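Residue numbers (the working numbering): 30 to 340. Note that beta-carbon positions come from the ideal geometry of N, C-alpha and C, so glycine has one too. Computed from a predicted model, the values in this text were never measured in an experiment.
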């Protein structure tokens with residue numbers, strides 16, 4: 030094989046142009062195959078030209094790579110896998126197709142290219158045919174593995190993000206609060222700063238739903254989420270219904286109350302009939318083990334505030 034490596038320049042001279050010329054045929058065969066599947070027909074709609082350009086660039090890179098000397102070829106393989114990993118992430122973000130269809134997708138590309146490679150090298154020696162097929166298979170394996178890994182990695186992140194978010198407000202959900210709590214407390218302790226939990230709900234929320242409809246209630250909940258974003262309250266959780274909890278690192282109880290009052294005043298500017306009931310409690314070192322106790326204290330303070338408002 031070392032002796033054969035020395036003949037790469039001659040091999041490239043004989044085959045390089047033929048491989049480059051065959052790229053449109055590879056893409057055409059691949060597209061014809063994909064057009065038979067509904068998943069890909071919808072995916073390709075409005076994306077054909079862009080996809081062809083991406084695939085052509087990918088195949089041109091491979092044609093150049095198969096004629097590289099061994100050391101440079103191995104370096105290319107590493108780069109190809111890393112680049113394909115990033116492409117898999119980008120692909121999932123912008124062109125969603127069922128993950129079950131990806132095997133068909135990658136197999137189609139591989140077979141379309143192999144068909145053309147075999148056609149071009151049919152009159153060459155068996156040694157040349159095996160070498161070229163081996164090179165292509167190595168690149169294809171690395172690229173497809175990288176692509177699928179990137180796709181799966183991003184899909185896992187997306188699914189995890191969906192599982193921890195409230196679909197209406199896009200704030201975190203109650204379940205994730207308990208996962209997030211320890212991390213936030215540990216971070217506050219390392220930075221030697223206080224961390225305060227604030228709980229609030231909307232006064233007369235049931236009346237708003239009954240009087241104006243649930244769409245009005247939903248809009249109000251979304252407005253609260255939007256205001257929390259503007260106030261840079263990053264660790265917010267919808268506990269259920271109209272009840273919210275926020276973890277506020279670097280903020281003491283008094284400042285936490287002022288923050289919620291600021292949110293309330295901005296809500297009232299949006300709709301003057303809206304008011305909040307709220308309670309805050311600074312979390313101490315035992316908060317992870319006794320979080321239910323702290324939540325109960327915040328809840329009691331919130332309802333004490335609610336009684337004052339009604340009075």
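Own chain, CB closer than 6 Å to residue 330, minus 5 neighbours either side, in chain order: Mapped onto the chain shown, residue 330 falls at position 301. 308.
Straight-line Cα distance separating residue 194 from residue 254: In the chain shown, counting from the first residue as 1, residue 254 sits at position 225. In the chain shown, counting from the first residue as 1, residue 194 sits at position 165. Approximately 12 Å, taken between the alpha carbons.
Nearest-angstrom Cβ-Cβ length linking residue 159 and residue 213, presumed shorter than 8 Å: Residue 159 sits at position 130 when you count from the first residue of the chain shown. Residue 213 sits at position 184 when you count from the first residue of the chain shown. That pair is no contact at about 58 Å.
Rounded distance between the beta-carbons of residue 338 and residue 302, thought under 8 Å: Position 273 of the chain shown, counted from the first residue, corresponds to residue 302. Position 309 of the chain shown, counted from the first residue, corresponds to residue 338. The Cβ separation is near 13 Å, so there is no contact.
Own chain partners of residue 207 with C-beta closer than 8 Å, once the 5 adjacent residues on each side are dropped: Position 178 of the chain shown, counted from the first residue, corresponds to residue 207. Leaving aside the five residues that flank residue 207 on each side, the residues in its chain whose CB is nearer than 8 Å to its CB run, in chain order, 320.
Buried or exposed by the 16-neighbour rule on C-beta atoms within 10 Å, applied to residue 165: For the purposes of this step, residue 165 is taken as residue 136 along the chain shown, with counting starting at 1. Its Cβ being crowded by 16 or more others within 10 Å, residue 165 is buried.
Integer-rounded CB distance, given that residue 179 should sit under 8 Å from residue 118: In the chain shown, the residue the question calls residue 118 occupies position 89. In the chain shown, the residue the question calls residue 179 occupies position 150. Going by Cβ atoms, the distance from residue 118 to residue 179 rounds to 4 Å, so yes, they are a contact pair.
CA-to-CA distance, residue 256 to residue 327, given in whole angstroms: Position 298 of the chain shown, counting from 1, holds the residue named residue 327. Position 227 of the chain shown, counting from 1, holds the residue named residue 256. Distance between the alpha carbons of residue 327 and residue 256: 21 Å.
7 Å Cβ shell around residue 81 - same chain, five flanking residues per side excluded: For the purposes of this step, residue 81 is identified with residue 52 of the chain shown, where counting begins at 1. For residue 81, where only same-chain residues beyond five positions count, the Cβ hits under 7 Å are 56.
Own chain partners of residue 145 with C-beta closer than 7 Å, once the 5 adjacent residues on each side are dropped: Locating residue 145 in the chain shown gives position 116, where the first residue counts as 1. Contacts found: 51, 54, 55.
Residue from 155, 312, 265 whose Cα sits closest to the Cα of residue 222: Along the chain shown, one-based indexing puts residue 222 at 193. Per the C-alpha coordinates, the member of 155, 312, 265 positioned closest to residue 222 is 312.
Same chain only: Cβ atoms within 7 Å of residue 271, ignoring 5 sequence neighbours per side: Walking along the chain shown from the start, residue 271 turns up at place 242. The residues are 230, 231, 234, 250.
For residue 194, the residue or residues it bridges with in DSSP: Translated into positions along the chain shown, residue 194 becomes position 165. When beta bridges are read from the DSSP output, residue 194 appears opposite 201.
Backbone CA spacing between residue 62 and residue 111 [nearest angstrom]: Here residue 62 refers to the residue found at position 33 of the chain shown. Here residue 111 refers to the residue found at position 82 of the chain shown. For residue 62 and residue 111, the gap between their C-alpha atoms comes out near 27 Å.
Classification of residue 333 by the beta-carbon crowding that lies within 10 angstroms, buried from 16 upward: For the purposes of this step, residue 333 is taken as the residue at position 304 of the chain shown. Residue 333 should be labelled exposed.
For residue 161: DSSP bridge partner residues: As a first step, residue 161 must be located in the chain shown, where it is residue number 132. For residue 161, which the question treats as bridged, DSSP gives no partner whatsoever.
In DSSP terms, what residue 110 is bridged to: Numbered from 1 along the chain shown, position 81 holds the residue referred to as residue 110. Beta-bridge pairing links residue 110 to no other residue.
For residue 150, the first and last residue of its enclosing beta strand (DSSP E): Mapped onto the chain shown, residue 150 falls at position 121. Taken as a continuous stretch (DSSP letters only), residue 150 belongs to no beta strand (DSSP E), as it is neither H nor E.
Whole-angstrom distance between residue 85 and residue 79, CA atom to CA atom: For the purposes of this step, residue 79 is taken as residue 50 along the chain shown, with counting starting at 1. For the purposes of this step, residue 85 is taken as residue 56 along the chain shown, with counting starting at 1. Computed Cα separation, rounded: 10 Å.
Under the three-state DSSP convention, the category residue 223 falls into: For the purposes of this step, residue 223 is identified with residue 194 of the chain shown, where counting begins at 1. Shown here, residue 223 sits in coil according to DSSP, grouped into three states, outside any helix or strand.
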